[in-house]
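Undergrad: If you scroll down you'll find the structure; I have some questions about it.
Protein chains in written order, with our numbering: chain Z, 16 to 466; chain H, 16 to 466; chain W, 16 to 466; chain F, 16 to 466.
Following this line, the structure appears as structure tokens:
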């Protein structure tokens with residue numbers, strides 16, 4: 016018997032490989048899917064079936080890629096949709112994996128045709144339930160994806176899913192969701208990396224409402240919906256383009272890079288200090304670990320991407336981008352910014368300021384305009400006085416709120432997201448920008464507390 | 016927050032790394048412990064504490080090795096013993112790991128000073144309990160290690176541990192034991208690789224007794240005790256010798272190998288077919304994956320070991336042997352048996368017979384003597400008629416039961432353990448031996464059923 | 016500047032990556048070509064050009080695969096042929112790689128349009144010459160591939176190539192050929208893994224003839240031509256099918272394996288002892304490292320292959336087979352022979368005999384028929400009295416020389432090739448076969464010398 | 016037969032593994048020596064002997080470490096010295112490695128007892144010569160290490176070594192030195208990564224002098240001698256401390272880091288942009304790849320080191336530092352500068368200026384003081400007008416030449432070494448410093464040429 020959880024960092028996506036006696040299934044595979052095949056093959060397991068919990072919107076599912084490699088059969092939840100490949104799952108459907116049994120449970124709420132998969136142990140009792148985007152540790156899947164007009168209906172479905180189907184499985188049953196803390200699929204997933212029905216029943220805030228109405232009202236909230244979701248939804252229905260193998264972008268000399276940059280977007284994956292210190296003019300900053308969450312908000316599928324990385328190994332950036340469908344990678348800057356400078360190319364910089372400098376020197380009353388790009392919950396936890404709050408992802412639609420004739424001090428939690436914001440503002444014409452290094456975390460650790 | 020289970024195959028040993036905000040603890044580390052340090056270091060976690068659940072008897076604990084690498088503090092359970100290093104744990108003791116809390120719970124039964132460690136989640140409620148060798152999936156830690164005269168007392172302790180301390184934690188709490196299926200530390204650990212208090216409460220056969228007396232009677236059984244346990248116990252008290260790095264045994268030419276073999280034991284780690292076909296005369300067969308379970312029964316700590324492997328990479332054999340203290344590795348046969356034969360060295364072989372040949376040709380009534388080396392439970396499940404049962408590990412003490420003037424047909428489940436037995440018999444003078452390929456599994460899959 | 020030689024074991028094939036200042040070229044890439052791209056990319060080098068020394072016949076060239084990954088331009092030697100992709104090289108053509116210069120030199124002999132590539136150092140002087148299959152360490156490329164009717168013409172071309180073009184480059188120039196010792200492309204390539212013009216001029220036996228006529232006569236010999244060469248030649252002209260990534264064959268249960276084996280060839284890659292001890296009836300033995308040299312002689316491109324390996328990781332076998340175009344891998348036996356036997360499946364075996372047994376017991380005068388499957392040179396070096404010599408690769412065409420009513424004792428150098436031969440004979444109906452373990456090497460190391 | 020060159024980047028150090036038929040020797044091993052053992056062991060080769068070409072001064076030799084792992088015998092050149100371990104080599108001494116032969120040749124010049132090792136091929140003729148620090152590609156080993164008073168004597172020895180011993184081996188012989196381009200052991204080693212006697216005879220500038228006198232005069236120059244050489248020499252005589260395994264420094268929180276920094280030197284291995292943008296106050300900048308060449312000039316063996324890296328994996332920095340004896344690594348900043356800032360710690364920065372800004376805005380006539388820290392040869396090739404030249408390594412001894420009341424603009428070739436210089440000046444009290452990004456390379460690529 017093997018049971019493996021495969022985590023895709025950044026997306027905070029969990030997929031699972033379950034195998035026994037020569038057979039295995041994969042639940043919600045990611046697109047760079049060689050890992051499942053290798054894990055299975057080294058143990059002599061043949062992947063026979065791929066089970067999807069729902070039509071995913073936040074990443075490209077690897078079902079067709081994995082099936083192409085292994086001949087495994089693809090089973091789609093949300094079978095009301097028009098898939099161009101694979102077969103529909105029905106509630107109650109059974110798979111036997113060696114001596115193990117898995118059963119599909121229809122668990123709508125996040126999507127109408129969402130499925131959970133219940134794995135029985137050898138005693139024939141419920142053991143582990145793969146809940147996809149229905150029940151997370153400390154949170155639930157969002158119910159606004161079908162539109163706010165259907166949110167109440169979906170919330171009611173979710174209520175039934177939870178109280179009639181999942182919780183009755185028993186407190187002792189282990190819960191294996193499709194996402195962990197940090198995903199865009201749940202507003203506040205906990206970092207309780209393993210959990211059970213009982214733990215969620217008692218401690219998941221969304222399961223503490225007194226009745227159905229309160230529940231529905233409580234969870235039927237509108238969350239942010241990144242523009243790339245639409246592309247993911249479309250491609251997951253069609254079957255994403257087959258990769259074969261992870262592409263390796265082409266290393267480019269500064270001259271070639273500059274040439275190609277005329278018709279491409281430059282994406283800089285370095286950390287905040289390097290980027291702000293010097294970057295290719297007009298480039299976009301999203302630090303490496305931020306790619307899964309923010310690339311889909313700011314980058315366009317219509318444009319080629321050119322990468323600037325800290326090192327000459329583009330593998331990690333490629334992997335993260337390809338998972339969300341950014342396959343058109345036109346190359347990367349060989350030798351990084353050092354080679355850019357030694358080639359005598361022009362670079363830009365953005366001012367940074369430490370919280371200490373800020374604490375001592377900022378005459379905030381006068382001209383500075385404080386921009387706080389943290390999300391709503393972070394702001395709720397600790398507001399910055401006199402700051403204007405626009406969540407990073409909402410910047411594109413709210414640029415007109417930001418004055419262009421005053422110095423902009425940008426705060427986030429640490430300095431990473433504020434650098435993303437700064438690069439976005441700069442591309443849109445702002446000049447007098449300052450990124451606050453350390454952000455609110457740093458601010459709160461010093462003697463200059465938030466007023 | 017990170018939580019990682021590190022499995023040591025063969026030993027079926029689980030250790031755990033729990034970390035948060037720059038700090039980490041390791042529970043029951045193994046001796047080849049670089050893996051913890053690397054896992055922690057790559058995430059920027061400092062290993063501050065090493066928690067032992069009990070004085071281990073089945074492998075060498077890596078506490079001193081890991082502490083030497085990391086400066087982590089060592090905390091011993093079974094503090095009634097005379098450790099030469101580290102500090103004693105007391106029940107109720109608390110460790111803070113970043114924002115997480117771990118508490119020691121005194122859970123005697125397997126050993127008198129056995130500790131479990133309870134990890135709380137961020138809500139302050141019990142989340143995961145590291146139960147060491149007290150509660151396993153589907154089994155309990157054995158209570159006969161202090162001697163059968165104390166078994167009843169220990170079983171009573173175990174009863175209190177379970178029903179007063181562990182089960183009350185709540186059905187929803189996740190159970191992380193020190194061993195999985197295949198360990199010598201529990202007679203019949205289930206392959207339910209993740210489990211909870213509730214699952215065990217309902218499905219663990221040892222928790223289904225009607226009252227304390229039945230429980231005590233039921234579990235206070237005498238299990239096999241490999242001779243190497245004594246050495247592990249002694250070294251775990253003293254602190255096993257520091258390795259620094261995993262040793263790499265010396266490749267030896269056939270001539271050098273033959274020369275050194277005069278004062279060493281030859282251990283052949285190949286599979287059953289290769290070994291039976293040809294091996295260095297006098298060598299001992301234990302196939303690679305069988306080393307953790309059987310090396311300690313047959314090999315002596317007084318003798319150097321010489322290895323014959325399938326490939327020229329001795330890493331895996333070395334790792335498995337070092338974990339149970341067989342550090343005196345005098346080298347391995349470079350080029351394997353092929354080089355032995357091309358050097359013109361003599362080899363021995365052992366006859367094999369397939370179940371089909373056996374089915375067709377064996378005149379069992381007349382002279383053949385069937386030896387079944389499976390364990391008691393396997394025999395109970397499916398007895399072989401006319402077979403004489405001596406569990407593999409009990410062979411050394413029961414050699415006189417085996418006739419020397421009749422052909423011996425050796426059965427196990429597959430052909431692996433019977434090859435170990437065959438090599439042992441051969442070293443002790445038996446000549447007319449036949450290993451049954453496929454063993455009872457093969458036998459039961461053919462048209463010649465067990466009578 | 017980087018210069019890397021990439022060796023493909025078994026094929027004894029050398030390819031080369033040469034890079035400087037952001038650019039790189041690859042010479043004669045193999046089909047599993049990710050390695051070049053990764054080596055280059057990690058150093059920030061863009062592979063701009065792929066240079067072929069000739070139309071290869073002994074493996075599938077990776078030019079189209081690598082070009083598909085990198086956009087590099089493909090340059091074919093042997094431009095007289097009808098390539099369906101890439102561009103033709105002309106003698107004297109120049110490539111600039113960063114600050115380095117490479118020049119094509121027309122060096123016919125092995126093929127009519129064979130090219131060597133001369134790399135100049137920064138002083139502008141000849142430094143390294145990539146000689147493809149013209150000049151090897153200790154040998155020359157064979158001249159019989161165009162047919163024996165053109166062998167004399169080709170040998171004359173080779174003479175001019177050597178004495179007019181390569182040797183004049185200077186004794187100090189380093190020679191980098193496309194093959195090392197063990198290749199089928201040269202009868203007796205030396206294991207002098209690095210060499211120079213001067214070393215070859217003085218020590219290469221083929222360069223010691225007194226004049227052109229002697230040279231032509233000496234080298235225009237007919238060598239064995241494996242049947243797979245034709246397929247390689249065809250595919251290298253067309254461009255081999257794109258792999259995308261190395262395929263991973265499917266693990267199959269004994270039942271599935273048996274089922275699929277009805278329409279496939281079973282190929283067993285284990286060593287001689289395991290195979291002879293027990294194998295799937297009707298299976299073909301070619302030990303792992305023997306695949307590059309012998310698979311193309313015995314296997315058909317028309318049939319699917321099923322693999323039996325020593326371990327459950329099929330990567331190495333897959334890699335070796337795919338390099339010579341055996342892409343139709345229908346799966347492998349999960350769990351190996353152990354699972355075959357525990358599933359109660361029938362197996363076959365082949366008798367083995369050690370040289371000691373042979374020495375003591377064989378009444379050779381009477382009935383035994385000794386088959387020596389070594390190659391001509393080995394036989395010349397040390398003949399076995401009373402043996403009948405048929406080189407392993409010539410067995411298919413010479414089966415009628417082998418008596419079917421006498422015990423056949425098969426000799427090779429070690430026991431590996433004789434096992435291949437034994438499996439072949441067995442598939443063709445021979446029953447009374449014995450493989451001599453240790454072969455002539457073992458025989459010569461004992462007190463029973465070859466008479 | 017195997018022949019492997021193992022390169023240690025940064026040090027530009029080459030060591031070699033030569034093996035045949037079960038035996039192997041290593042020439043000039045580095046301290047992190049597991050690589051040799053693994054390479055050898057996987058091929059079934061036993062390392063029997065370790066050959067040193069001379070008492071090394073620029074890194075810690077791994078002979079004792081490797082011998083401790085393998086039982087190989089250590090052979091020291093420079094046997095006039097008082098080694099505390101191993102055995103002395105004598106000129107003419109022979110080692111047989113399988114079927115290969117290696118012979119020691121006394122080749123003084125770099126050191127008095129320097130040895131080269133000549134490997135014969137199977138024809139019995141000279142094939143490869145391991146020249147240590149005598150003959151490099153394009154350069155010779157320096158002769159000033161015994162003091163300038165003996166430089167002429169050593170240069171004369173070198174003359175004899177070259178013209179009487181090495182060159183007579185023959186143009187065709189392959190030369191394998193101990194260093195490649197970038198080493199501190201030769202002033203201008205070429206990047207001709209493989210070379211021969213003939214190539215060096217014709218193209219090595221040091222071999223073109225018309226007679227002995229010119230030669231001696233030409234090469235007996237005084238080169239820089241880093242202070243760490245003395246420590247390397249001492250430890251190589253004693254045998255460097257055994258590592259066992261590469262240490263893993265402890266990850267430290269900003270608080271712990273700050274605490275330990277009071278009694279340690281902070282070493283920042285990030286690239287120029289990150290460091291200049293923000294760094295721990297008082298820290299020392301040496302970018303990762305610069306560690307082998309510059310750590311020994313600026314760091315003290317008396318002080319513990321604390322690392323700030325770009326990522327949380329300290330392996331590479333550790334490896335590079337340990338090779339030159341900096342074993343006292345007190346930890347590294349977990350989470351890097353981001354965690355430093357979010358913890359609210361103060362940081363420093365250094366101004367940078369691009370060549371474009373410099374070109375447009377610098378009023379150099381007035382106050383700016385240009386510091387050029389490139390080496391003599393670079394300066395000779397392209398002088399910067401009005402610049403003051405102090406080679407980076409000479410800064411500590413020439414601080415008094417640098418004005419403290421004027422803005423200092425620091426140039427090197429790219430911006431890396433100028434950042435090292437800037438961090439050094441800053442630690443010594445300078446405040447008004449500007450690092451020129453792109454350095455002279457960038458400057459020369461723009462429209463503002465060097466005047």
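Glycine included, C-beta positions come from ideal geometry on N, C-alpha and C. Small disclaimer: the values here were computed from a predicted structure and weren't measured.
Based on Cα-Cα distance, which residue from Z:52, Z:269, Z:332 and Z:455 lies nearest to residue 38 of chain W?
TA: As a first step, residue 38 of chain W is located in the third chain; it is residue number 23 there, counting from the start. Nearest in C-alpha terms to residue 38 of chain W, of all of Z:52, Z:269, Z:332 and Z:455, is Z:269.
Undergrad: Beta-carbon separation of residue 190 of chain H and residue 204 of chain H under 8 Å?
TA: Taking the first residue of the second chain as 1, we reach residue 190 of chain H at position 175. Taking the first residue of the second chain as 1, we reach residue 204 of chain H at position 189. No, these two residues do not count as a Cβ contact at 8 Å.
Undergrad: For a contact defined as C-beta to C-beta under 8 Å, what are the partners of residue 18 of chain H on chain Z?
TA: Taking the second chain and counting its residues from 1, the one referred to as residue 18 of chain H is at position 3. The answer, in chain order, is 208 and 209.
Undergrad: Quick test of your reading: residue 6 of chain H and residue 364 of chain H, contact by CB under 8 Å. State the CB separation rounded to the nearest angstrom.
TA: Lying before the first or after the last residue shown, residue 6 of chain H is absent from chain H, which here runs from 16 to 466.
Undergrad: Quick one: does residue 185 of chain F have its CB under 8 Å from some CB of chain W?
TA: Your numbering for residue 185 of chain F matches position 170 in the fourth chain. Interface residue, yes.
Undergrad: Residues of chain A with CB closer than 8 Å to the CB of residue 85 of chain H, please, in chain order.
TA: Of the protein chains in the structure, Z, H, W and F, none is chain A.
Undergrad: For the alpha helix (DSSP H) containing residue 16 of chain H, list its first residue and its last residue.
TA: On the second chain, position 1 is the one that residue 16 of chain H refers to. Careful: residue 16 of chain H lies outside any alpha helix (DSSP H) and carries neither H nor E.
Undergrad: Write down the C-beta distance between residue 353 of chain Z and residue 293 of chain F rounded to the nearest angstrom, noting that I regard them as a contact closer than 8 Å.
TA: As a first step, residue 353 of chain Z is located in the first chain; it is residue number 338 there, counting from the start. As a first step, residue 293 of chain F is located in the fourth chain; it is residue number 278 there, counting from the start. At roughly 18 Å, the Cβ-Cβ gap does not stay under 8 Å, so residue 353 of chain Z and residue 293 of chain F are not in contact.
Undergrad: Quick one: is residue 352 of chain H near chain W, going by C-beta distance under 8 Å?
TA: On the second chain, residue 352 of chain H is found 337 positions in, with the first residue counted as 1. Closer than 8 Å: yes.
Undergrad: Exposed or buried, what is residue 436 of chain Z when buried is set at 16 or more other beta-carbons lying within 10 Å of its beta-carbon?
TA: Translated into the one-based positions of the first chain, residue 436 of chain Z becomes position 421. So residue 436 of chain Z ends up on the buried side.
Undergrad: What is the rounded straight-line gap between the Cα of residue 404 of chain W and the Cα of residue 417 of chain H?
TA: Residue 404 of chain W sits at position 389 when you count from the first residue of the third chain. Residue 417 of chain H sits at position 402 when you count from the first residue of the second chain. Taking the straight line joining both Cα atoms gives about 48 Å.
Undergrad: So which of W:148, W:430 and W:61 has the shortest CA-CA distance to residue 456 of chain W?
TA: Position 441 of the third chain, counted from the first residue, corresponds to residue 456 of chain W. Residue 456 of chain W has its Cα closest to that of W:430, out of W:148, W:430 and W:61.
Undergrad: From the DSSP output, which residues share a beta bridge with residue 205 of chain Z?
TA: Stepping through the first chain from its first residue, residue 205 of chain Z is reached at position 190. Residue 205 of chain Z is not bridged to any residue.
Undergrad: Could you run through the stretch 212–246 of chain Z and flag, in chain order, every residue whose CB is less than 9 Å away from some CB of chain H?
TA: 212, 213, 214, 215, 216, 217 and 218
Undergrad: Out of H:58, H:99 and H:439, which one is the CA nearest neighbour of residue 408 of chain H?
TA: The residue given as residue 408 of chain H occupies position 393 in the second chain. With distances taken between Cα atoms, residue 408 of chain H lies closest to H:439.
Undergrad: Of the residues H:122, H:243 and H:172, which one's Cα is nearest the Cα of residue 67 of chain H?
TA: On the second chain, position 52 is the one that residue 67 of chain H refers to. Checking every option, the nearest Cα to that of residue 67 of chain H belongs to H:122.
Undergrad: If you compare alpha carbons, which of Z:266, Z:185, Z:40 and Z:196 is closest to residue 114 of chain Z?
TA: For the purposes of this step, residue 114 of chain Z is taken as residue 99 along the first chain, with counting starting at 1. With distances taken between Cα atoms, residue 114 of chain Z lies closest to Z:40.
Undergrad: So is residue 360 of chain H in contact with chain F if we call contact Cβ pairs under 8 Å?
TA: Position 345 of the second chain, counting from 1, holds the residue named residue 360 of chain H. Chain F contact via Cβ: absent.
Undergrad: Does residue 375 of chain H pass the burial test, meaning 16 or more other C-beta atoms within 10 Å, or should it be called exposed?
TA: The count along the second chain starts at 1 and reaches residue 375 of chain H at position 360. Label assigned to residue 375 of chain H: exposed.
Undergrad: Can you give me the Cβ contacts of residue 283 of chain Z inside the same chain, cut-off strictly under 6 Å, excluding the 5 residues immediately before and after it?
TA: Here residue 283 of chain Z refers to the residue found at position 268 when the first chain is read from its first residue. Excluding sequence neighbours, residue 283 of chain Z sits near 290, 294, 298, 300 and 323.
Undergrad: Going along the chain, which residues of the stretch 396–416 of chain Z sit with their C-beta nearer than 7 Å to a C-beta in chain W?
TA: none
Undergrad: Which residue marks the beginning of the beta strand (DSSP E) containing residue 111 of chain W, and which one marks its end?
TA: Here the question's residue 111 of chain W lines up with position 96 in the third chain. Counting along the chain, the beta strand (DSSP E) containing residue 111 of chain W begins and ends at 109–112.
Undergrad: Which residue marks the beginning of the beta strand (DSSP E) containing residue 118 of chain Z, and which one marks its end?
TA: What you label residue 118 of chain Z is simply residue 103 of the first chain in a count that begins at 1. Counting along the chain, residue 118 of chain Z sits inside the beta strand (DSSP E) bounded by residues 115–121.
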